[in-house]
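Quick note on my numbering: the sequence shown kicks off at 162 and runs consecutively. Don't be surprised by glycine CBs; every beta carbon is placed ideally from N, CA and C.
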Amino acid sequence: MDTTLTISNSSRFQVSEFILMGLPGIHTWQHWLSLPLALLYLLALGANILILITIQHEPSLHQPMYRLLGILAIVDIGLATTIMPKILAILWFDAKAISLPECFAQIYAIHSFMGMESGIFLCMAVDRYVAICHPLRYPSIVTEAFVIKATLSMVLRNGLLIIPVPVLAAQRHHCSRNETDHCLCSNLGVTSLACDDITVNRFYQLILAWILIGSDMALVFASYALIICSVLRLNSAEATWKALSTCSSHLILILFFYTAVIVVSVTQLPGRKVPIIPALFNVLHSVTPPAFNPMVYALRTQELRVGFQKVLGLGDNVSRK
162 MDTTLTISNS SRFQVSEFIL MGLPGIHTWQ HWLSLPLALL YLLALGANIL
212 ILITIQHEPS LHQPMYRLLG ILAIVDIGLA TTIMPKILAI LWFDAKAISL
262 PECFAQIYAI HSFMGMESGI FLCMAVDRYV AICHPLRYPS IVTEAFVIKA
312 TLSMVLRNGL LIIPVPVLAA QRHHCSRNET DHCLCSNLGV TSLACDDITV
362 NRFYQLILAW ILIGSDMALV FASYALIICS VLRLNSAEAT WKALSTCSSH
412 LILILFFYTA VIVVSVTQLP GRKVPIIPAL FNVLHSVTPP AFNPMVYALR
462 TQELRVGFQK VLGLGDNVSR K
């Protein structure tokens, strides 16, 4: 009788906060990771802000392709800022507690920014497809209005489809466990602490991944398959190289982003032997692309390099080779 009463009382208890323990297995020295993570975060902020300033400052960059790059920079800043301040607070000040509303809001923000990044890559792929496969129609198809409509559709798509993720997580009953071996609030990491059935959470997470990331990835690679087929039909080797070089930086970022998504998804599968790997990949996947994306574009896009040098006061030394 007493045991039954204890179980009943426990099942009615609802935790008021989660404890983000950090990276499992290295809790005693994980603070040493704060320096490289802080540097990555500062690099992401600085590089993406520089891209935004450069695109705004340089009239030659007021083109749809660079407008999309500017939107990607905003998304990258939002993604990194959603998680890094809390991670650094955990590593520096041992501030591991996070309230349930803050945790669910972080889940929503992370999913939204990740979906937006995937959507922007799709828009960029369409931009490159039209530019290479239908160059004469490019000015009439890819316009400022196209960028605005594509951006709004991505925002609405992600904003609406992702709402059920934190809502379903909030409906779960967290009656005893509230400690998770993560530096951030991941949907499956938080819902796995629940005392009741989380099948619907896992199912919607899977459906969402296929609808957003899966469909974007399929369309992106379909676009590049058509681009490659079109380029290979060109008679001139120089024209082929020029066509491929215009989308090389975008292709590098796409491969990096979707490879990281697949790796993170695989490491999240049940039965993993080393729990630090999914926790670490979750962090790196949210902060590395925002720092990596601007570097790739800066190194491989001549117009952007010229714009950087002008903004930084090095315009007199620019060599337009």
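Considering only the alpha carbon of each residue, which of the options lies closest to residue i?
| i | options | result |
| --- | --- | --- |
| GLN175 | LEU416, SER337, SER347, LEU184 | SER337 |
| GLN224 | SER376, ALA306, LEU252 | ALA306 |
| PRO246 | MET226, MET277, LEU196, LEU229 | LEU196 |
| TYR419 | ALA266, TRP402, LEU283 | LEU283 |
| LEU203 | ARG466, THR449, VAL467 | THR449 |
| ASP358 | GLN332, ILE244, PHE179 | GLN332 |
| ILE374 | ALA421, ILE388, PRO220, LEU441 | ALA421 |
| SER347 | ILE271, LEU194, LEU206, HIS218 | ILE271 |
| MET378 | ALA286, GLY186, LEU201 | ALA286 |
| ALA311 | HIS295, LEU233, GLY239 | LEU233 |
| GLN267 | GLY239, CYS390, LEU412, LEU380 | GLY239 |
Where DSSP assigns a beta bridge to residue i, which residues make up the other side?
| i | result |
| --- | --- |
| ILE389 | Beta-bridge pairing links ILE389 to no other residue. |
| ILE180 | ALA258, GLU340 |
For residue i, I'd like the list of residues in its chain whose CB is within less than 8 Å of its CB, leaving aside the five on either flank, ordered along the chain.
| i | result |
| --- | --- |
| TYR365 | PRO325, VAL326, LEU329 |
| TYR522 | This structure cannot settle anything about residue 522, because the visible part of the chain is limited to 162 through 482. |
| ALA370 | SER426 |
| GLN191 | GLY183, LEU184, LEU252 |
Excluding the 5 residues flanking residue i on each side, which residues of the same chain have their C-beta closer than 6 Å to its C-beta?
| i | result |
| --- | --- |
| ALA208 | PRO455 |
| ALA292 | TYR299 |
| LEU345 | ILE244 |
| MET315 | MET277, GLY280 |
| ASN362 | LEU329, THR352 |
| LEU302 | A quick correction: the sequence has Ile, not Leu, at residue 302. So the list reads VAL291, once near-sequence residues are dropped. |
| LYS257 | ILE180, LEU181, ILE251 |
| THR401 | VAL392, LEU395 |
So, under 8 Å CB-CB, residue i and residue j are touching, yes? Tell me the CB distance rounded to an integer number of Å.
| i | j | result |
| --- | --- | --- |
| VAL457 | LEU414 | 6 Å |
| LEU451 | ALA241 | The residue you asked about is not Leu; residue 451 is Pro in the sequence shown. PRO451 to ALA241, Cβ: 4 Å. Contact. |
| GLY231 | ILE212 | 7 Å |
| THR243 | PHE265 | Going by Cβ atoms, the distance from THR243 to PHE265 rounds to 13 Å, so no, they are not a contact pair. |
| GLU219 | LYS471 | 6 Å |
| LEU261 | ALA199 | Not confirmed; about 27 Å, so no contact. |
| LEU313 | GLU464 | That belief does not hold up - the Cβ atoms of LEU313 and GLU464 are roughly 26 Å apart, past 8 Å. |
| ARG289 | THR407 | 7 Å |
| ARG461 | SER410 | 4 Å |
| GLY186 | ILE437 | 5 Å |
Note down, in chain order, each residue of its chain lying with its Cβ closer than 7 Å to the Cβ of residue i, except the 5 sequence neighbours on either side.
| i | result |
| --- | --- |
| HIS446 | ALA421, VAL425 |
| HIS343 | LEU181, GLY350, ALA440, ASN443 |
| ALA398 | none |
| ASP163 | With a pLDDT of 44 at ASP163, under the threshold of 50, the modelled position of that residue is not reliable, and the figure given next carries that caveat. Once the five neighbours on either side are set aside, ASP163 has no close Cβ partner at all. |
Runs of beta strand (DSSP E) wholly within the segment 240-292 (minimum 3 residues, chain order): 258-260
What ranges does the alpha helix (DSSP H) occupy inside the segment 313-337, keeping only unbroken runs of at least 4 residues that lie completely in it? 325-332
Alpha helix (DSSP H) runs wholly inside the segment 342-388, at least 4 long, in chain order: 348-352, 360-370
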